[in-house]
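Take a look at the structure below.
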Amino acid sequence: MAVLSSCAAAVTVVVPSPFAAGAGAGAALSRTRRRRTTTTVVRASLGRAAGAAAVAVAATAILAGGALAQEVLLGADGGVLVFEPNDFSVKAGETITFKNNAGYPHNVVFDEDAVPGGVDASKISQEEYLNSPGETFSITLTVPGTYAFYCEPHAGAGMVGKVTVN
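Each residue of the sequence shown is one higher than the last, beginning at -3 in this note's numbering.
Following this line, the structure appears as structure tokens:
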């Protein structure tokens, strides 16, 4: 943050008017000042860009361990009983967060017959209901493959989904 503050201060340089100094040596001096000021502004802009890049790299590093790859809404706006999105891909080790959007009781059950071999569907499922809007359930899948899931009370209404882990 200090980098960004110092860059902002460097940008607030008053650029002298090229017409302020008289003709001759004064005009040359004015052009020199203006050129230096322009250089300062360019350097400050580059510094600001570098600062923004540093912030982006730091944010990426913070999120790298179990980064949020996907948010899935449980129930769409208007009360439609769906997962939104209902078919998506993530990288192994990325976190998926299921969020109750509509306030109906929902859960996320992984189908034991439709997960990669060696994965215990009961250990990655959220069988207890998420009852309130905003309630979440997060899972990090590490075994590559396709995982089918459903909302137990609303599967018959078509509330089913699939995630592919690469």
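Note that beta-carbon positions come from the ideal geometry of N, C-alpha and C, so glycine has one too.
If you're wondering where the values come from, they're calculated on a predicted model, not measured in any experiment.
Residue 85 sits in a strand when the DSSP states are folded into three classes.
Exposure of residue 128 is indicated by the presence of fewer than 16 other C-beta atoms within 10 angstroms of its C-beta. Measuring C-alpha to C-alpha distances from residue 132 to each of 100, 158, 154, 143 identifies 100 as the nearest. Three or more beta-carbon pairs separated by less than 8 Å link the stretch 112 to 124 to the stretch 135 to 142, which places the two stretches in contact. By the CB criterion at 8 Å, residue 104 and residue 145 fall inside the cutoff. Around the beta carbon of residue 134, fewer than 16 other beta carbons sit within 10 angstroms, so the residue counts as exposed. Residue nearest to residue 76 within the set 162, 96, 161 is 96 (criterion: CA-CA distance).
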